[in-house]
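Going down the list, the sequences are from chains A and B.
Each residue of the first sequence is one higher than the last, beginning at 354 in our numbering.
Each residue of the second sequence is one higher than the last, beginning at 621 in our numbering.
Idealized CB from N, CA, C, for every residue including glycine.
Predicted, not measured: the structure shown is a model, and the values here were computed from it.
A short write-up of the structure that comes next.
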Amino acid sequence: NAGVTQTPKFQVLKTGQSMTLQCAQDMNHNSMYWYRQDPGMGLRLIYYSASEGTTDKGEVPNGYNVSRLNKREFSLRLESAAPSQTSVYFCASRSGEGDTQYFGPGTRLTVL
Amino acid sequence: QQQVKQSPQSLIVQKGGISIINCAYENTAFDYFPWYQQFPGKGPALLIAIRPDVSEKKEGRFTISFNKSAKQFSLHIMDSQPGDSATYFCAASMRGFKTIFGAGTRLFVKA
């Protein structure tokens with residue numbers, strides 16, 4: 354089992370460009386999450402999907418959109434990247450029964 | 621209030637010493653309090669977790685102490701080792717709902 358995988362690992366964008374961060378899990382988990390991690394601010398929830406077909410806003414959703422493509426995949430899209438979106442992005446998943454979140458290795462995004 | 625406040629921001633401990641990280645929360649509806657450990661370049665991973673019906677949980681050198689009345693909980697790392705050097709996040713959640721993370725503590729254990 355690969356657990357939670359994320360692509361790409363690194364990305365540099367120019368202001369105004371768009372991109373999609375991909376996330377997939379092979380643990381048959383119902384819930385999936387997107388976080389951003391910034392120094393001194395911990396992990397802040399961007400969007401989450403409690404189950405296939407549903408998505409909800411988290412703490413910092415502005416500038417982002419998500420798609421729960423199927424039970425395995427949950428993508429995060431930046432339509433018009435801004436320097437304030439420079440961060441490390443983590444995807445996570447959680448089974449319906451447990452409370453533990455399983456995190457991917459992260460995507461380091463720089464917006465110039 | 622959804623915040624989880626974590627302190628200190630950074631911590632330096634001698635090898636063999638005790639590392640202590642503290643967290644406080646406001647929302648009494650939280651019913652699950654995990655600690656995650658993150659090494660550089662990696663995603664966070666669950667280290668140990670506690671529910672509010674117990675005051676302490678120990679797994680090897682790691683112990684969570686939980687004070688429900690004070691709405692505080694802490695992580696104690698006994699006999700700290702250089703391999704424990706990492707960032708530690710406390711968190712709080714309600715079953716089936718979002719998890720709120722603390723800001724993180726960078727621990728460095730000196731050999």
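Beta carbon proximity, residue i to chain A, threshold 9 Å
i                : result
Tyr652 (chain B) : yes
Ser713 (chain B) : yes
Ala669 (chain B) : yes
Lys677 (chain B) : no
Lys662 (chain B) : yes
Ala723 (chain B) : yes
Gln692 (chain B) : no
Ala644 (chain B) : no
Leu727 (chain B) : no
Short Cβ contact (9 Å threshold) for residue i with residue j
i                : j                : result
Arg715 (chain B) : Asp409 (chain A) : no
Arg430 (chain A) : Val413 (chain A) : no
Met385 (chain A) : Ser446 (chain A) : yes
Ala723 (chain B) : Gly411 (chain A) : no
Ser428 (chain A) : Met380 (chain A) : no
Tyr442 (chain A) : Arg389 (chain A) : yes
Gln359 (chain A) : Gln375 (chain A) : yes
Tyr645 (chain B) : Lys691 (chain B) : yes
Pro672 (chain B) : Phe709 (chain B) : no
Partner residues on chain B for residue i, Cβ-Cβ distance less than 7 Å
i                : result
Tyr401 (chain A) : Lys718
Gln454 (chain A) : Thr719
Contact list for residue i against chain B, beta-carbon separation under 8 Å
i                : result
Met385 (chain A) : Correct list: empty, because the minimum Cβ distance to chain B is about 12 Å.
Phe427 (chain A) : Within chain B, no residue comes near Phe427 (chain A); the closest Cβ sits about 15 Å away, beyond 8 Å.
Residues that residue i contacts on chain A, provided the C-beta gap is smaller than 7 Å
i                : result
Gln634 (chain B) : Near Gln634 (chain B) there are no residues of chain A at all, since even the closest Cβ is about 25 Å away, more than 7 Å.
Exposure of residue i, with buried meaning 16 or more beta-carbon neighbours within 10 Å
i                : result
Thr460 (chain A) : buried
Phe363 (chain A) : exposed
Val365 (chain A) : exposed
Ser630 (chain B) : exposed
Ala480 (chain A) : Outside the shown range of chain A, which is 354 to 465, sits residue 480 (chain A), and nothing can be said about it.
Gln623 (chain B) : exposed
Gly457 (chain A) : buried
Thr707 (chain B) : buried
Phe659 (chain B) : exposed
Thr407 (chain A) : exposed
Any C-beta of chain B under 9 Å from that of residue i
i                : result
Met394 (chain A) : yes
Leu366 (chain A) : no
Val357 (chain A) : yes
Thr439 (chain A) : no
Pro398 (chain A) : Residue identity differs from the one stated: residue 398 (chain A) is Leu in this sequence, not Pro. Taking Cβ atoms only, chain B reaches closer than 9 Å to Leu398 (chain A), which makes this a yes.
Tyr417 (chain A) : no
Gly406 (chain A) : no
Gly457 (chain A) : yes
Gly411 (chain A) : yes
Cβ-based neighbour list, residue i, same chain, cut-off 8 Å, excluding 5 preceding and 5 following
i                : result
Asn687 (chain B) : Ser675 and Phe693
Ala731 (chain B) : Lys635 and Pro702
Glu405 (chain A) : Asn383, Arg421, Asn423 and Lys424
beta-carbon residue i near the ligand GDP non-hydrogen atom, thresh 8 Å
i                : result
Gln359 (chain A) : As presented, the structure is devoid of all ligands, the ligand GDP included, so that no description of it is given.
Cut-off 7 Å between Cβ atoms - residues of its own chain near residue i, not counting five sequence neighbours on either side
i                : result
Arg681 (chain B) : Ile697, Met698 and Asp699
Thr439 (chain A) : Leu462, Thr463 and Val464
Leu667 (chain B) : Trp655, Tyr656, Gln657 and Phe682
Gly416 (chain A) : Leu431, Ala435 and Gln438
Ser705 (chain B) : Leu727, Phe728 and Val729
Lys367 (chain A) : Leu465
Contacting residues, own chain, Cβ-Cβ under 6 Å from residue i (five flanking each side not counted)
i                : result
Phe653 (chain B) : Ile670, Phe693 and Ala712
Contact list for residue i against chain A, beta-carbon separation under 8 Å
i                : result
Gln657 (chain B) : Simply none; closest approach about 11 Å.
Phe682 (chain B) : Near Phe682 (chain B) there are no residues of chain A at all, since even the closest Cβ is about 15 Å away, more than 8 Å.
Gln629 (chain B) : Gly393
Neighbouring residues, chain A, relative to residue i (Cβ below 9 Å)
i                : result
Phe709 (chain B) : Gly395 and Leu396
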